[in-house]
Each structure stands twice: as structure tokens, then as C-alpha cells.
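Worksheet for the structure shown next.
2 protein chains.
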Amino acid sequence: MCGTEKARVVKSSSSSAGLDHSETRENGTTLSSHSVINLDHGDPTMFEAYWQRMGDKCTVVIPGSQSLSYFSNMKNLCWFLEPELEESIKRVHHVVGNAVTKDHHVVVGTGSTQLFQAALYALSPSDALEPISVVCAIPYYSSYAAVTDFLRSGLYKWGGDAHAFDKDGAYIELITSPNNPDGNTRDAIVKRGGGKLVHDLAYYWPQFTPITKPADHDIMLFTVSKSTGHAGSRIGWALVKDKDVAKKMTKFIELNTIGVSKESQLRAAKVLGVIADSCQSCDTPDSDNVFEYGKLIMSERWNKLRDVVGQSDMFSLPEYAKEYCNFMGKFTESYPAFAWMKCNRNIEDCAELLRGQKIITRSGERFGADSKHVRVSMVSKDEEFNLFIERLLAIQETSNEYHI
Amino acid sequence: MCGTEKARVVKSSSSSAGLDHSETRENGTTLSSHSVINLDHGDPTMFEAYWQRMGDKCTVVIPGSQSLSYFSNMKNLCWFLEPELEESIKRVHHVVGNAVTKDHHVVVGTGSTQLFQAALYALSPSDALEPISVVCAIPYYSSYAAVTDFLRSGLYKWGGDAHAFDKDGAYIELITSPNNPDGNTRDAIVKRGGGKLVHDLAYYWPQFTPITKPADHDIMLFTVSKSTGHAGSRIGWALVKDKDVAKKMTKFIELNTIGVSKESQLRAAKVLGVIADSCQSCDTPDSDNVFEYGKLIMSERWNKLRDVVGQSDMFSLPEYAKEYCNFMGKFTESYPAFAWMKCNRNIEDCAELLRGQKIITRSGERFGADSKHVRVSMVSKDEEFNLFIERLLAIQETSNEYHI
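Heads up: the protein sequence lines correspond to chains H and R, in order. Reminder that position 242 of the first sequence reads as 537 in my numbering, one-by-one numbering, no gaps. Reminder that position 372 of the second sequence reads as 667 in my numbering, one-by-one numbering, no gaps.
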């Protein structure tokens, strides 16, 4: 089995936005005009080129005798949290300025999805006669409803659109900001007594949105999947103000998975540490910085997409106001990780239309919205994104010819 | 952050059973006669010395650009399972002879605890009016009840002792063999129509018990935590006969944590692969083999424990019959990962008695049994085990003096 890891090192792909149909994909196949492009998931493979350029800076070496124990630090409230990861998390939030860590407990999870469930468990009253409602404004992240309800918990239950929520008593409101799928900045909607808020800030990073202030909420969820692109690591973290809530979230993870992979934690600690170093090493961020790099790619992609979409009235995209980004030190635009695209004219099923052109997207219906909308991943590899743009252009040209 | 991993490499500890009170523990403190010894959890730190001796054989090197994607193999039923891990799992079962992998699907989980929940989810009827009962014969693993019930699922519910189960209709029976806490080999108890069985075979490895035949059940759960000692990796796997059950277990893990740490999978693949190699490299296993090593340490510890316990009638231990172990090629005894110890005479609370001597164990009540029993971890580090033996001897000597 020696050399397994090296054999899996992904082949270099261009970090430029140049189109190369003959490039070999990770699964060994080659993208061609017949290939199906899957932009359904937000698989952040866009970041691969950046980490390849970084070479050995973030390589981790783990000897066979390391991290055998279930425990990382028995004195910590979150006993399975590696101290290096906690330190890196605090450092990166400090240099990016996107969240207050002071007076918050750090709870690590197997991705932020596990932490979302841990938060529901921690916030649900244990003595209630019926499950607490979990709500979120439409359009909401498509997994929230399924993850809330798949075990038919007696503690919590999906309550749907926050705008339509009219029950009395306790509730949990999810606030995703910037929002998945539409990229908008969000605040709480229900604003009633008995409300407990969970802020999902997976996309509150400078490559996607201006960092206007350090977020300072009761429960904030983050993940490396979208901040650094390491989705395969399954590492998320929660910043939690209330000690008892943090304890109960830790208890959930203990019962659910008896902690979180030490290997992934050590790697995330290294990656976040290197990022924090790179942000601190000069007064102004440069393109060696993952956020600056990410923003450059995202802006190029969004500009291309807006160019193509602007060539007809067939599709439309949300607009985002420029805001001052404290991290970048200038006014910047939002370049969300997903495009929330709408089909105009008489097209009722946008996902179906795109599927006909071998582009897989996620229908707006999955987000509690309508089928005229789709969510399109903007964080795929270059070759997939460019093929998407090429096909979108072709769809519009064909439709203009036939006046669809 | 560079060098973080090396700094964490655990200091060498003796693999012999020699007592050394001044040895430094992982958390930087020193074990002394005042130290509390925690043998409550089955933290398998005993294996550290072995993996240190193996040097770089199982070291993994993971570059920053590797495994960014959520996906491992989109063509596999379990799309987040690393192909190398699947191969290593099959190889190690083949050389050890403890389970049939042919005609089984491999589903990887964040430890076998997650897979246990995935199995409950997959086996629960989705259209039942009330939750299916989950039962296990007393004494049963202390976490089963809590993990089954903590979310108050409408799909499944803890039903307690399998011997006392008298409900009609469908049920799920857990069969832990060898059993945690008492080390006994087990079969199904209820044996009625509508029963669905989950075999937890976490301890069916040659260091703990004779391997009498390859297990061949519908759902079999394994974990590296006890087989190789890598509890911190949180890697378990299920061997599942029915394709739809395997698919539904995969769905559970998708909803619960969107897959399993790639870093941990790659490391487990390496460790299990090296083990399979070492078992195949010579006709008879030698002490370079983790199972032979583990059995040697376990037998030394059990012999010491039986010696001490045999010096009075204060405590008693289960006896295990010798059986022919196909892996070792000879008759061997069971040396379970836990000692299921009983206090005799008029002592009603064994855990309390031991706690008074700074020995933390898990009370029999937690396993559905009585407080005269305790479960004691036999897989801790040498210095902890030896201090336990020393204190047990002192308790017996004192009690004999005072005729307790």
C-alpha cells in the first residue's frame, strides 16, 4: 500500500479560465462535447489548482502511532477538538475579520451538516410535548428539510418558510448568510420571543462576499468545504456563546460519531494556519492568499456568466450591491458560490431545459422556490465551468433563432 | 503551523508490562500513586507502542491539494468510500478469515457508531405506525440505548433486553460477538419472524478471541478503533448483503455527515493494507503482526489480572473456553478488550468501591446488568494497567485484613 497517497495526487489542471476539452478528469474520463456536466452539488474542486500551486506548504505527515486515542484534550469542553485546530480557527477568523471568537466556545464537527443537527439537538427543549419547529426563509438550502426530518425526531421538525411561520412559542430559525442558493445577505425573519437562531455562515468568506463586520451571533456554523475547498475532509466548526449549548452540541457529536476524525482536524489546522500566516505576512493581501485567488476566479466566472446571460432575455441573475470589504480594504462585489438563475419567457422547468443540454443543476423547487429557478455550482473545475458557459451560449443562440 | 504533526508524535512508552510511575502521559502529567486511572472508556492506547515500533511503515503523507471533493467514486454504491480502503478491508478480512466479504457491499462510516445508526435507519420500515423495537441481550453495550433514543426517532426505539422481548411483529436485534462488556460469543436470542439482525463484530479479531470461522451475516459492523487501535480516526465499516439496505445506510451517512473523512480513510487503508501484507508475508504469524502482538499483551494482562483476582474471593471474572483459532493455527483463549468483573461478598456497588481507590470503571447498571459488576478497559497504556493491578491487589489485601 506504500505510495498510495502519491498515486492519488490529482493531476495538475490550469488555474486560468482557459477551455481545454481534452483535459483528464479525476475519474479518468475526458470531458468532451458529449459529457454531462454535473453542477448540482457545490463540489469545490475549483480550489485544487490553488493548492497544487502551494506545493508542500500544506502537506501533512501523520505517523502510524499518532492520534490513536478518542480524546484530544479532556480538559476542553469539546474533548475531541484538536488544540491546533482550535488555535488555527481563532487565528483565521481574527485575520479575516468575519467572526468574533472571543466569548465563544469552539465545537468541531464532521462537516457543518453534523453541527447543524447538533445545534437542533442542543436547542430543542427536552420536556416539550411536541417537536420544536425549524424554519428558514425561502429559498433555503435544499438539505435543511431532509436533514431535519429524516429520523422523524420527536425533538424537532421542519416548519418550512420562515415568512409563513405563524405558530406561537419556541422555534429555531436558520439564517444562512450569504444565502445558499441565492447569495443574499440575510437577517432573522420571524423575530418573536422564544426564537433560537442558528447562523450558517459557510459562505461568509472574502472570495464570495464583502466582509463588512465580524459576525457575533449565539451559534455560528463554518466549514472548510467552502472556505478552503477541502470538502473531502468533512470538517466544520461552530462558534457557540452559551456554554450549556456548546456542551449539548458536543454531546450530540459524542453520541452520533464519538468525536471527529483527528487526521482531518490536523490537516484543517495546517491549512487554516497557513492561510492565517499568508494573510498576516503582508499589509495587503496578494494572490498567494486563497481568498484573493478565490475572488479572482469567482469574479472571472461571474463576469463570463453575466456576459452570456446578458446576450438575451432568456435567463436572469440576481444583482448584488457593492459593499466595503474590511478584509480586502476596498469596495467589492459578491461572487456567490452558486448562481441562482431564473428562466424567463414561457419556460417553466429550467432544470429540465438545462438537463436537455447535459447540464445538471438543482431545481428551485428543492429550495422551496419554483421550477423556473435553478441553482448552479460556480465552484467546479475550470473545464466544467467553461463547458457550461459554452452550452449556455448555444442554448440562447438556438432559442433566439427559433424565438422560443 | 509547520511541524505540528511531528510535535504531536507521542513519546515512546515501553511495550513491556514493567511498571513505571514516573512515565510521562500524553497530556503532559505524570502518573503517580495519587493519579486517577480512567478505565471507563475502551481507549485503545495500548497499541501505541506497537505502531511506534513499526516506524514509518504506516506514515501517510497528504498534500494540500488532495481529496478536495466530496466524492471518492461516483460509480460505487457508497460514493464516498475511498477505493483503497475498500481493497484493504477486503484483503484484511481475507487474510484474517473473520468475515466473508464476497456478495457483501462495503459501507464506510465515521466509526461503527454511525454505521449502527445507519443500520437502524435502513432497517426501520418507513410506513410503520410506531417505531420498530431495537433489542439486545443483557449485558449489552452501554451506548446502544442512548444512541438509539437520543433523538426520539419515530422510526426506531430502544426495546431493552432481547431475552425479555415479547412484542409481535418486526424488531431489530443487535448481536455483539464477542460481546461488550463480557467477552462472550453470541448468537441471536429472539429468533422470530420479522427479526432483522445487526452483528456488531468490533471485537472479532485474533488478539481478543479465537477466529473459529468467517462470519457471514446480513449486516456486520467493524471498526479500526479496536482492530488496529486507531480510535481517533473514527473509521468503521459495514459489510452488507442486501443492496437496498446498503444504499439506505449510505443515504443515512449522506444526510448525517455528507460522507466520511478522506484523510482517515486513506490512513486506515494504509494501516489495514500493511497489516494484510504482514499477515501474508510468512506462513505463520509473527510478533511483527499487530494481532500476534496484541494477543501477547492481552494474554499477559489477563494472566496478571487473574493472578491478582485469584488471591481472594473478593472479585470474580468470566471464564472462556479454549477454541481453535484458524488465524493462529492453534487452540487459543479469549482475552477480551474489557474485563467484566464482579464484586462478591456483601459489596453492592463495585464501581464505587474502585472509585474510592481512584480507579474509574463503568458500572454494570450501564449495561442493563447490576452494580455488583463493572466493565474495566484492558486496552489502556501499560502504566495505567499496571497501576490498576497494583491498586486491586492493595484493595484485596486491605479487605482481607479487615474481613470486609
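We treat Cβ as the ideally placed atom computed from N, Cα and C, and that holds for glycine.
- Query: Given 8 Å as the limit, is there contact between the region 583-594 of chain R and the region 608-618 of chain R, that is, 3 or more CB pairs closer than that?
  - Reply: no
- Message: Using the three-state DSSP reduction, which class does Ala510(H) fall into: helix, strand or coil?
- Response: strand
- Task: Can you pull the chain R residues whose beta carbon is under 9 Å from the beta carbon of Trp346(H), in chain order?
- Result: Pro358, Gly359, Ser360, Gln361, Leu363
- Query: Are the region 521-532 of chain R and the region 399-412 of chain R in contact at 8 Å, needing three or more beta carbon pairs?
  - Reply: yes
- Task: Could you list which residues in chain H have their beta carbon closer than 7 Å to that of Ser327(R), in chain order?
- Result: Those within 7 Å of Ser327(R) in chain H number zero; the least Cβ separation is about 18 Å.
- Item | Asn322(H) in three-state terms, based on DSSP | Summary for Asn322(H): the model assigns pLDDT 44, below 50, so the residue's position carries little reliability, and this model does not support an answer.
- His458(R) beta carbon less than 8 Å from that of Ile484(R): yes
- Query: Which chain H residues sit within Cβ distance under 7 Å of Ala441(R)?
  - Reply: Leu550
- Local conformation of Arg596(R) per DSSP, three classes: helix
- Query: What residues of chain R sit near Asp338(H), judged by a beta carbon separation below 9 Å?
  - Reply: Leu363, Ser364, Tyr365, Phe366
- Indicate the three-state DSSP secondary structure (helix, strand or coil) for Phe375(R) in the structure shown. coil
- Message: Could you compute how far the alpha carbon of Tyr436(H) sits from the alpha carbon of Asn479(H)?
- Response: 12 Å
- Query: Exposed or buried, His494(R), counting other C-beta atoms within 10 Å across all chains shown (16 or more means buried)?
  - Reply: buried
- DSSP bridge partner residues for His458(R) (one or two, in chain order): His458(R) pairs with nothing; no bridge assigned.
- Query: Which term fits Gly337(H), buried or exposed, when burial requires 16 or more other beta carbons within 10 angstroms of its beta carbon?
  - Reply: buried
- Task: List the DSSP bridge partners of Val442(R).
- Result: None; Val442(R) has no bridge partner.
- Give the single residue among Lys676(R), Leu363(R), Ala344(R) whose Cα lies nearest to the Cα of Phe342(H). Leu363(R)
- Between Ser472(H) and chain R, is there a C-beta pair that is closer than 8 Å? no
- Message: Whole angstroms are fine: how far does the CA of Ser367(H) sit from the CA of Leu376(H)?
- Response: 6 Å
- Query: When the Cα of Ala432(H) is compared with those of Ile548(H), Ser421(H), Thr471(H), Ser522(H), which residue comes out closest?
  - Reply: Thr471(H)
- Task: Indicate the three-state DSSP secondary structure (helix, strand or coil) for Val540(H) in the structure shown.
- Result: helix
- Message: Among Leu688(R), Asp677(R), Leu648(R), whose alpha-carbon lies nearest the alpha-carbon of Val669(R)?
- Response: Leu648(R)
- Item | Cβ-based neighbour list, Glu379(H), same chain, cut-off 6 Å, excluding 5 preceding and 5 following | Ala564
- Message: I believe Thr340(R) touches Ser675(R) by the beta-carbon criterion, under 8 Å. Please report the beta-carbon distance rounded to the nearest angstrom.
- Response: 6 Å
- Query: Quick one: is Leu450(H) near chain R, going by C-beta distance under 8 Å?
  - Reply: yes
- Please list, in chain order, all residues of the same chain as Tyr499(R) whose beta carbon is under 6 Å from its beta carbon, the five residues on each side excluded. Asn393
- Message: For Val540(R) and Thr545(H), what's the separation of their Cα atoms in angstroms?
- Response: 29 Å
- Using a threshold of 8 Å, state whether the C-beta atoms of Ser407(R) and Phe517(R) are closer than that. yes
- Query: Which stretch, first to last residue, makes up the alpha helix (DSSP H) that contains Lys565(R)?
  - Reply: 557-575
- Item | N- and C-terminal bounds of the beta strand (DSSP E) containing Trp346(H) | Counting along the chain, Trp346(H) falls outside any beta strand (DSSP E), though it belongs to the alpha helix (DSSP H) covering 343-348.
- Query: What do you reckon, are the CB atoms on Thr354(R) and Pro358(H) nearer than 8 Å?
  - Reply: yes
- Query: Which of the residues in the region 513-534 of chain R, read from start to end, lie with their CB under 7 Å from any CB of chain H?
  - Reply: Gly524, His525, Ala526, Gly527, Ser528, Arg529
- Message: Let me make sure I understand the geometry here. Which of Ala571(H), Pro434(H), Arg601(H) has the alpha-carbon closest to that of Tyr615(H)?
- Response: Arg601(H)
- Under 8 Å between C-beta atoms, does Thr405(R) make it to chain A? Structure shown: chain A not included; protein chains present are H and R.
- Local conformation of Arg447(R) per DSSP, three classes: coil
- What's the C-alpha gap between Asp644(R) and Asn695(R)? 18 Å
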